Amino acid sequence: MKYLLILSCSFILSYSLTPLMGWIALKFNILDQPGTRKIHTEPKPRTGGIAIYLSFLIIFALAHRFNLFTRGFENEFTGLLLGSSIVFLTGMIDDIRGLNAWIKLGAQIFAGLILVIYGIRISLFIPNVYVSSIITILWVVGITNSFNLLDNMDGLSAGVGGISSLMFFLVYGRQGLSDLNLLMMILVGSLIGFLKYNFNPARIFMGDAGSLFIGFIIGGTAAMGGYLKGSLLTRLPVITPLLILGVPIFDTLSVIYIRIKQHRSIFSADKSHFSHRLVTLGMTQKQAVLFIYLVSFCVGINSILLPRITRGDALVILIQALAIFAIIVLLMIAKGDELKRKIRKKEI
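Under this note's numbering, the residues of the sequence shown are numbered 5 to 352, in order.
Laid out in structure tokens, this is it:
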């Protein structure tokens, strides 16, 4: 019952705050201008991330005030809120004034360091505290940026973030991690409330403030999860976060590969993202986003089964997930070859 209450409250608050943030953006000219690498054709408010952040923070504070948390993660949650606030403020400054990519990266690394200081570390298989701390920071910074990169089409980052958070909610529910459960439900509600205004055609964008915040919260929470509790296996359930976050990870790795192959900076903006290439295949923007939602759900939902199945079954799930992305890659390669042939014919 408390989860439904938290979901409803965070949804209503986010749904109410988002139009207000849009009005503020118009008043102070905090707008995302159209460009050659962008999908939209007219200026749009880019302050939706503030609504997500405030909704999450306010409902979290109320849940804490009314003792809905068991306080088993008190220290870790403090670090998570401090770190996420740093990346949120960094993103907000970037949305308003613009920031150098290296400055943003430095702020994210610092925020990741705060997580480690407050006791959040990926320690499984890694007894050395320094090595595990570095891996934790790399993981959180990587997931933070993957959601930032994924925010390239109406409703995409918010929707995938909502699906991922819901998958983690279900996984943590089976593991008895009620505090992490509650945290994810707050994020789900905040994202759904915002998505009403962000889905195609979007009336407002979340900006870097929103996408960095979402990625950091999900990445940090994923590093806290106890995926081996009650497992019939030895170690395979640790791939749970990789399955749930398969879409943003795939998008990030594919974009980095394409940019390196084309001898461009990995920080450069372009239309080589997963979603853009689906549009090239012939989908509309809305169809591409819904397709990615479906992929995210299909790959992530299997993670719920991992602690309760045999090693062989778990490997089948992993192979199935890899096969889904392999099919997508093959389709994109085939379409790319077709476009190259058409270009050659025109030149002839």
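Even for Gly, the Cβ is constructed at its ideal location relative to N, Cα and C.
Remember, it's a predicted structure, so these values are computed and weren't measured experimentally.
Inter-residue CB distance, residue i and residue j (contact presumed, cutoff 8 Å)
i    : j    : result
I323 : V303 : With a Cβ gap of about 12 Å, I323 and V303 do not count as contacting.
F172 : A226 : 7 Å
Y57  : F217 : 5 Å
S14  : I54  : Wrong, their Cβ atoms sit about 15 Å apart, outside the cutoff.
R263 : M336 : Contact doesn't hold; Cβ gap of about 15 Å is too wide.
P47  : L35  : 4 Å
T244 : S307 : 4 Å
L154 : P252 : 5 Å
F353 : S194 : This structure does not reach residue 353, given that the chain is present from 5 up to 352, and the question cannot be answered.
Beta-bridge pairing of residue i - partner residues as DSSP gives them
i   : result
D98 : For D98, which the question treats as bridged, DSSP gives no partner whatsoever.
P47 : P47 is not bridged to any residue.
D36 : K48
Proximity of residue i and residue j at Cβ, strictly below 8 Å
i    : j    : result
L11  : M188 : no
G159 : I222 : no
D99  : D274 : no
I167 : F301 : yes
G87  : G214 : no
L309 : I296 : no
I270 : P49  : no
S279 : A292 : yes
L247 : A325 : yes
L184 : G229 : yes
V145 : S169 : no
K290 : N156 : no
L186 : L17  : no
L84  : G224 : yes
L103 : I141 : no
S161 : M210 : yes
V182 : T74  : Sequence inspection shows Ser at residue 182; the Val mentioned does not correspond to that position. Yes, Cβ-Cβ distance for S182 and T74 is below 8 Å.
W355 : I126 : Here the chain comprises residues numbered 5 to 352, so residue 355 is not present and cannot be evaluated.
- Decide if the stretch 195-209 is in contact with the stretch 88-97; the criterion is three or more beta carbon pairs, one per stretch, under 8 Å apart. no
- Could I get the ranges of all uninterrupted alpha helix (DSSP H) runs contained in the stretch 186-251, with 4 residues as the minimum, in chain order? 211-228, 244-248
- Go through the stretch 106-140 residue by residue and report every complete run of the alpha helix (DSSP H) that reaches 4 residues or more, in order. none
- Is the stretch 122-133 touching the stretch 74-87, taking contact as three or more C-beta pairs under 8 Å? yes
- Would you check if there are 3 or more beta carbon pairs closer than 8 Å linking the stretch 102-114 to the stretch 143-162? yes
- Tell me the start and end of each unbroken alpha helix (DSSP H) in the stretch 243-300 that is at least 4 residues and wholly inside, in chain order. 244-248, 250-265, 278-284
- Task: With a floor of 4 residues, list each alpha helix (DSSP H) that falls wholly inside the stretch 51-93, ordered by position along the chain.
- Result: 52-69
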